[in-house]
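Participant: Okay, handing you the structure first.
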């Protein structure tokens with residue numbers, strides 16, 4: 005997967021996650037968004053760029069050590085963040101203030117906390133979708 009393809013994939017993932025955020029689990033409007041996210045997951049899994057074992061969030065959290073910038077602000081160095089997490093962070097941070105040497109460490113930490121919330125919200129939607137499918141099967 006090229007960097008452009010990765011950027012497009014993560015941009016689409018970000019848009020879908022933002023759309024899902026405004027929907028309650030079980031909302032039928034979520035079905036299309038969940039299908040998009042499933043497709044994006046499939047694309048990532050089939051990509052030869054990510055043949056390694058996915059890193060868990062704690063390993064990602066510690067992959068980019070915090071550095072003290074000479075201005076007194078803590079930053080992380082983008083190149084220390086492994087892909088696809090770097091691109092996920094960049095897509096979630098479009099328009100954010102940063103230093104030329106790297107993004108603010110608190111933005112990186114906030115992104116990881118928000119990612120966990122988004123993944124829990126996504127899981128809640130998937131559970132609700134499964135329960136709805138089971139209920140339909142029982143009534144058939």
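In the numbering used here, the protein residues as written are 5 to 144.
Note that the Cβ used here is the ideal one computed from N, Cα and C, for glycine as well.
Note that the structure is a prediction, hence the values are computed from the model and not measured.
Would you kindly report the start and end of the unbroken alpha helix (DSSP H) that includes residue 3?
Facilitator: Examination of residue 3 is not possible in this model, given that the chain is present from 5 through 144 alone.
Participant: Hey, could you find the ends of the alpha helix (DSSP H) residue 17 is sitting in?
Facilitator: Note, residue 17: alpha helix (DSSP H), 7-25.
Participant: What number of angstroms, rounded off, separates the C-alpha of residue 91 from the C-alpha of residue 102?
Facilitator: Their Cα atoms are separated by approximately 16 Å.
Participant: Which residues in the same chain have their Cβ closer than 8 Å to the Cβ of residue 44, if we skip the five residues on either side of it in sequence?
Facilitator: Only 13, 16, 17 and 20 meet the Cβ criterion.
Participant: CA-CA distance, residue 80 and residue 138?
Facilitator: Residue 80 and residue 138: Cα-Cα distance of roughly 45 Å.
Participant: Could you tell me the distance, in whole angstroms, from the CA atom of residue 121 to the CA atom of residue 69?
Facilitator: Cα to Cα, the separation comes out at about 22 Å.
Participant: What does residue 79 pair with, by DSSP beta-bridge criteria?
Facilitator: DSSP lists 71 and 108 as partners of residue 79.
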